[in-house]
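> Residue numbers (this note's numbering), protein chains in the order written: chain V, 366 to 434; chain F, 1027 to 1401.
A virtual CB, placed ideally from N, CA and C, is assigned to each residue, including glycine.
This is the structure I want to talk about, given as structure tokens.
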Amino acid sequence: MTRQFIGLGLWKFLQSVISVLAGVQSQNKRQQDFAGDNLLRIISTCLGGAVVLILVVLVMVNMALPDPS
Amino acid sequence: MKIRTWLSLSSIALLLSLSSLAKAEWGVNMTEGVTEISQSIYDLHMLIFWICVAIGVVVFGVMFYVMFKHRKSKGAVAAQFDESVTLEWLWTVIPTIILIAMAVPATKTLVEMYDASDAQVDIKITGYQWKWQYDYLGEDVSFFSNLSTSRDAVYNKEEKGENYLLEVDKEVVIPTGQKVRFLITSNDVIHAWWVPEFAVKKDAIPGYVNESWVNVPVGQEGIYRGQCAELCGVDHGFMPIVVRAVSQADYATWLDEQRAEKEAAALAALGDYSFDELMTTGAEVYAGRCAACHGQNGEGMGSMFPPMVGSDIVLNDVEKHIDILINGVAGSAMQSFAEQLTDVEIAAVITYERNAWGNDTGDIVTPRDIIDARQ
Ligand SMILES: [Cu+2]
């Protein structure tokens, strides 16, 4: 299972994460992501989505806050 | 051809109405205000407004163009595809970029608005049903600010003035060129202290202190008016705010005057007053401070506000009458007037109530009685 997931490669994984966040995905890719009983892959994609979301919020807030002086 | 004429005519009309909008005399747009913060809020508002206009024009423009170009009478046939990843990405990414581009400057302004540190003047503002109290912290100056529009103007028995319902008996005075911090709270229900030209609107919540601040630039001395902005009872519309921004020198003079007035009032309470003097002052105080609840002629109002005419306390119990004025009635709208009125005014209004509208008790309550009762 894990090997199959890692076998996807980082780029594919990131693509899935971004699709999770944006809610945009092609039918093909969706079927790939949900194919079989690959629970670990779905969970790790969602976790990846959460991490990216937190990073984005962190960066945005720091952009908006004035420099502490 | 016809359609083209119609289109150009209507776009000319649109442009004309937009340019008259820009002249702002119409008064529909939000105020630019007088402070740096109010200006940046206004700029943000206009930026976002024009972004929305642009989006609206593009979206509806494309929509109407497509509807017209591919109309049925020209034999258009609907496309039948159900997925376009490129399009979906476009309509996700573009709005996200626009949102972020708007959020960054908006957050900057917000952070600035909330930074009430390093203020040179601290004013505690307390909301009451239905008036404001201003405490100049560390200055020993404190007073209430009441609506000064007469009840007759409210009931159309008198011409309504220019500042109808936006005028008070005592303005809150602030210096220009200094950061003034407001500590806003309430004594009874939730009110909100709002002066549009300062872009300050803060809830006044009982048991909780909210902060806000203003720095009126030098050169912008003048009168700024506002209102309570949180529905707080029957006289919600009758507790306006009037701020007078003055130069720092004038502000110092004003503070001295306030202290001198307080001393003078304490001295005045020791003087002697005739029945007629007390009745005259009492009538004024009653009309300004009591009539809103107890009726212009002491007739009371509904079941909530008892009449003064024929009241047992007013007719028979001087001590209780004085006590109610000084301590209020806990848990009711009848608040303590100890801080709001001078000894002379309290004595006068009690004397007035005991002798007006056929309450002919003949009682005279003197300022000295009030001084004694306060102890
Ligand atoms: Cu109010």
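T1211/F and V1240/F - do their beta-carbons sit closer together than 8 Å?
Here residue 1240/F corresponds to residue number 214 of the second sequence, with the count starting at 1. Here residue 1211/F corresponds to residue number 185 of the second sequence, with the count starting at 1. Not a contact, by the Cβ cut-off of 8 Å.
> Is R406/V helix, strand or coil by DSSP?
Against the first sequence, residue 406/V aligns to sequence position 41. Helix, per DSSP.
> Along the region 1328 to 1356 of chain F, where does the CB come closer than 9 Å to a CB of chain V? Name the residues.
none
> Smallest Cα separation from M1139/F: which of S1064/F, G1297/F, M1330/F?
Walking along the second sequence from the start, residue 1139/F turns up at place 113. Ranking S1064/F, G1297/F, M1330/F by CA distance to the CA of M1139/F puts S1064/F first.
> Nearest-angstrom Cα distance between D1178/F and R1315/F?
One-based indexing of the second sequence puts residue 1178/F at position 152. One-based indexing of the second sequence puts residue 1315/F at position 289. Between D1178/F and R1315/F, the C-alpha separation is close to 14 Å.
> Relative to the C-alpha of A1255/F, which candidate in P1232/F, R1270/F, G1233/F, V1226/F has its C-alpha closest?
By 1-based counting over the second sequence, the position of residue 1255/F is 229. The option with the nearest alpha carbon to A1255/F is V1226/F.
> When the Cα of L1136/F is compared with those of A1309/F, I1067/F, S1337/F, which residue comes out closest?
Taking the first residue of the second sequence as 1, we reach residue 1136/F at position 110. Nearest option by C-alpha distance: I1067/F.
> If I'm right that T1175/F touches Y1190/F with Cβ under 8 Å, what's the distance once you round it to whole angstroms?
Reading the second sequence from its first residue, position 149 is the one you call residue 1175/F. Reading the second sequence from its first residue, position 164 is the one you call residue 1190/F. Their Cβ separation, rounded to whole angstroms, is 6 Å, which keeps T1175/F and Y1190/F in contact under 8 Å.
> Look up S1404/F in the DSSP assignment and say whether it is helix, strand or coil.
Any property of residue 1404/F remains undetermined from this structure, which presents chain F solely from 1027 to 1401.
> For ligand 1, is there any heavy atom lying closer than 7 Å to the beta carbon of H1096/F?
Looking up residue 1096/F in the second sequence gives position 70. No, since every heavy atom of ligand 1 falls outside the 7 Å radius drawn around the Cβ of H1096/F.
> Nearer than 7 Å: is that true of the beta carbon of M1265/F relative to any heavy atom of ligand 1?
Mapped onto the second sequence, residue 1265/F falls at position 239. Checking the Cβ of M1265/F against ligand 1 gives yes.
> Taking E1062/F as the reference, give the member of S1143/F, E1197/F, V1130/F, G1203/F with the closest Cα.
Residue 1062/F sits at position 36 when you count from the first residue of the second sequence. Closest option to E1062/F, Cα to Cα, is G1203/F.
> Taking only beta carbons into account, state which residues of the region 369 to 400 of chain V come closer than 8 Å to chain F, listed in chain order.
A387, G388, V389, Q390, S391, Q392
> Is W1220/F near ligand 1, with its Cβ less than 7 Å from a heavy atom?
By one-based count along the second sequence, residue 1220/F stands at place 194. For ligand 1, not one heavy atom lies less than 7 Å from the Cβ of W1220/F.
> Under 7 Å, CB to CB, which of the residues in the region 1094 to 1123 of chain F have a partner in chain V?
Under the 7 Å Cβ criterion, the region 1094 to 1123 of chain F contributes E1109, V1111, E1114, W1115, T1118.
> Any heavy atom of ligand 1 inside 7 Å of the beta-carbon of E1256/F?
Here the question's residue 1256/F lines up with position 230 in the second sequence. Yes.
> Can you tell me whether G1153/F sits near ligand 1, meaning its C-beta is under 7 Å from at least one heavy atom of the ligand?
Walking along the second sequence from the start, residue 1153/F turns up at place 127. Checking every heavy atom of ligand 1 against the Cβ of G1153/F, one is found closer than 7 Å.
> Since W1158/F is in the beta strand (DSSP E), which residue starts that stretch and which ends it?
For the purposes of this step, residue 1158/F is taken as residue 132 along the second sequence, with counting starting at 1. Residues 1157 to 1162.
> Determine, for V1198/F, whether the minimum Cβ-Cβ distance to residues of chain V falls below 8 Å.
Numbered from 1 along the second sequence, position 172 holds the residue referred to as residue 1198/F. Not a single C-beta of chain V is nearer than 8 Å to the C-beta of V1198/F.
> Between which residues of its own chain and V1269/F is the CB-CB distance below 8 Å, once the five residues before and five after are set aside?
Translated into positions along the second sequence, residue 1269/F becomes position 243. Cβ neighbours of V1269/F beyond the five flanking positions: E1197, V1198, V1199, I1200, V1221, F1224, I1249, Y1250, R1251, G1252.
> Using a threshold of 7 Å, is the CB atom of W1383/F nearer than that to any non-hydrogen atom of ligand 1?
Working through the second sequence from its first residue, we reach residue 1383/F at position 357. No, Cβ of W1383/F sits at least 7 Å from all heavy atoms of ligand 1.
> With H, G and I counted as helix, E and B as strand and the rest as coil, what does DSSP make of D1148/F?
Locating residue 1148/F in the second sequence gives position 122, where the first residue counts as 1. D1148/F: strand per DSSP, three-state reduction.
> How would you call K1098/F, buried or exposed, if buried means at least 16 neighbouring beta carbons within 10 angstroms?
For the purposes of this step, residue 1098/F is identified with residue 72 of the second sequence, where counting begins at 1. Result: exposed.
> Mapping the DSSP letters down to three states, classify D1229/F as helix, strand or coil.
Counted from its first residue, the second sequence places residue 1229/F at position 203. D1229/F: strand per DSSP, three-state reduction.
> Tell me, please, which residues DSSP counts as bridged to G1200/F.
As a first step, residue 1200/F must be located in the second sequence, where it is residue number 174. As written in the sequence, residue 1200/F is Ile, which differs from the Gly given in the question. In DSSP, I1200/F forms a bridge with A1271/F.
> Kindly say whether I1126/F, judged by its beta-carbon, lies nearer than 8 Å to any beta-carbon of chain V.
As a first step, residue 1126/F must be located in the second sequence, where it is residue number 100. With 8 Å as the cut-off, I1126/F counts as an interface residue toward chain V.
> Can we count W1280/F as close to ligand 1, meaning its CB is less than 7 Å from some heavy atom?
Reading the second sequence from its first residue, position 254 is the one you call residue 1280/F. For ligand 1, not one heavy atom lies less than 7 Å from the Cβ of W1280/F.
> With respect to 7 Å, is the separation between the Cβ of H1320/F and the closest non-hydrogen atom of ligand 1 below this value?
Here residue 1320/F refers to the residue found at position 294 of the second sequence. For ligand 1, not one heavy atom lies less than 7 Å from the Cβ of H1320/F.
> If you count every other CB in all the chains shown that lies within 10 Å of the CB of P1121/F, and 16 or more means buried, which is it?
Here residue 1121/F refers to the residue found at position 95 of the second sequence. Exposed.
> Consider the Cβ of V1130/F: report whether some Cβ of chain V lies at a distance smaller than 8 Å.
Mapped onto the second sequence, residue 1130/F falls at position 104. So, interface residue.
> Considering only the alpha carbon of each residue, which of Q1361/F, M1265/F, L1209/F lies closest to I1348/F?
Residue numbering aside, residue 1348/F sits at position 322 when the second sequence is read from its first letter. Nearest of Q1361/F, M1265/F, L1209/F to I1348/F, Cα basis: Q1361/F.
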